[in-house]
Structures are given as structure tokens and as C-alpha cells.
Amino acid sequence: MTPRYRIAPSILSADFARLGEEVRTVIAAGADLVHFDVMDNHYVPNLTIGPLVCDALRPHASVPIDVHLMVKPVDRIVPDFAKAGAANITFHPEASEHVDRTIGLIRESGCTAGLVFNPATPLDWLMHVIDKLDMVLIMSVNPGFGGQSFIPHALEKIKAARKLIDAAMQRTGRPISLEVDGGVKIDNIRAIAEAGADTFVAGSAIFGTKDYAATIAAMRAELAQVG
Ligand code: DX5
Ligand code: ZN
3 MTPRYRIAPS ILSADFARLG EEVRTVIAAG ADLVHFDVMD NHYVPNLTIG PLVCDALRPH
63 ASVPIDVHLM VKPVDRIVPD FAKAGAANIT FHPEASEHVD RTIGLIRESG CTAGLVFNPA
123 TPLDWLMHVI DKLDMVLIMS VNPGFGGQSF IPHALEKIKA ARKLIDAAMQ RTGRPISLEV
183 DGGVKIDNIR AIAEAGADTF VAGSAIFGTK DYAATIAAMR AELAQVG
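Numbered by our numbering, the letters in the sequence shown go through residues 3 to 229 in order.
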């Protein structure tokens, strides 16, 4: 059974020269997912890692790999990530010409699919596709870089997304997770969970500390206090 809350360390803030070891260490420290940020210097102003690196990390990842695509176009690269071991693939609606088709492509590739909402992107995009999604990802920073501050307005958006997801799950019985990405720390994770999130991406908050296990444990202790 899926735990109530999942912590997904973003390897964007890991030591790229020792990526396999970093993935093993953070999983041993209690990570539920490995968050894999793909940036193309086109859709976002930064350039990171692709399917080759995902495939290389696969033997080191004993938990699902959560691939966050910040690339445009999206469709060409989806099957490559599915073959490289992605379990979940999320993408931004602005980066796809045909959002419904991209969701279908991800699911046909054998992965679960999620739609990502930038701070200024309205949740309206969910209206006609929510029943095909496995995840909704709310960005609490503008995508492109680790180490940015959490945008407080994201809490209102998480609450609104929670309502839409609960209504859809009640209608269909299909689970949909609500992930939050950007500026998640020990001191705000509880408020983010109280707003309705169940999956928490944290890059600098985890990889910026010496003891990943202690940081993840402190996050879980905060989550344990959610009513
Ligand atoms: C930002 C990425 C995030 C990033 C989060 O575009 O999508 O996953 O790594 O980093 P922190 O947790 O440091 O804000
Ligand atoms: Zn991300």
C-alpha cells in the first residue's frame, strides 16, 4: 500500500560526480521516490540530465524514479525515459502541443502520468484530463533551479487542487497523488501537507545537509503532526 506521505529527494542538488552513490545513500536514508529533473535550456533556462543518466542510475534506484520533464517538445523523449526506467513521468502543459495525447503516450509507455502547474498556470488544465492522470504536481517555485524559496501562494493552489482531486477520486475510485516541488523544507513541510499535498520533492533541503537520514526523519516527524 502507498504510504500516506512520500518524500522524493530531487537529485538536482546531489553531487553529480557521485550520482549513483548519492542515490543509494538517499534511499537508505528513507527516500520513497527519486525525483529526476530534466531541463533542456529551452523550456527552462538550465540544462541537466537525460535518459542515459536515468538508465545508468536504474541499478542504484530501489525505489521508483519520478521523472519531471521540463523540456519542449515532450513527446519525442517520453518513450526513451520509459525504457530508461522511469516509473512516473510528469510534464508541463505549456510544453506540449497536445496535452491529452502526451498523457496517453506516457501511460501507453507503461509509466504513470502527471501534469505540472507552474506558479502562474491555472488549474483549468485539469478540467478535461484529470481522470487520466495519476499525479498533479504543483510547482512552488518557477522551474529551472534548485535552492529557490517557496512561493506562499502555492498553499492556496494546493488546497484547490486537493478539492479537485478528491472529487475526481470519489467519482472514479482511481488514486491521484498531489506532489509539491520547490522550496520544501523541514519548517514548511507540515503546512504544505495540511494544505493537501501527499508527495514532497526536496532537493537542497536534503542534499544540502550532511545527514540525509536525519533530515528525512525530521520531515517525517513534522508530517506525523498533521491532523
Ligand atoms: C526546480 C526543480 C525542483 C528542484 C527543487 O525546477 O523542478 O525539483 O530540484 O529544488 P529545491 O528543493 O532546492 O527547491
Ligand atoms: Zn522537479
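Just so you know, even glycine gets a beta-carbon here, dropped at the ideal spot from N, CA and C. Quick caveat, the model's predicted, so the values are computed rather than measured.
Proximity test, residue i beta-carbon vs the ligand ZN heavy atom, cut-off 6 Å
i      : result
His94  : no
Asp39  : yes
Asp34  : no
Asp183 : yes
Endpoints, alpha helix (DSSP H) assigned at residue i
i      : result
Asp57  : Pro53 to Leu59
Arg176 : Counting along the chain, Arg176 falls outside any alpha helix (DSSP H), and DSSP gives it neither H nor E.
Leu225 : Tyr214 to Leu225
Arg109 : Val101 to Glu110
Enclosing beta strand (DSSP E) for residue i [first to last residue]
i      : result
Asp39  : Val36 to Met41
Ile153 : First-last for Ile153: undefined, no H or E at that position.
Glu296 : With the chain covering 3 to 229 only, the question about residue 296 has no answer from this structure.
Identified DSSP bridge partners for residue i
i      : result
Gly116 : Thr92 and Met137
Arg8   : Thr201
Asp183 : Met141 and Val203
Met72  : Met41
Ile67  : Val36 and Ala88
Leu49  : Asp42
Span separating the alpha-carbon of residue i from that of residue j
i      : j      : result
Ala226 : Val36  : 21 Å
Ala169 : Phe119 : 19 Å
Arg8   : Ala207 : 15 Å
Val25  : Val46  : 24 Å
Asp189 : Thr217 : 11 Å
Arg192 : Val186 : 10 Å
Check: residue i C-beta below 6 Å from any heavy atom of the ligand DX5
i      : result
His70  : yes
Gly205 : yes
Leu14  : yes
Gly52  : no
Pro145 : yes
Cβ of residue i within 7 Å of any chain D Cβ
i      : result
Gly184 : In the displayed structure, chain D is absent; only one protein chain is listed.
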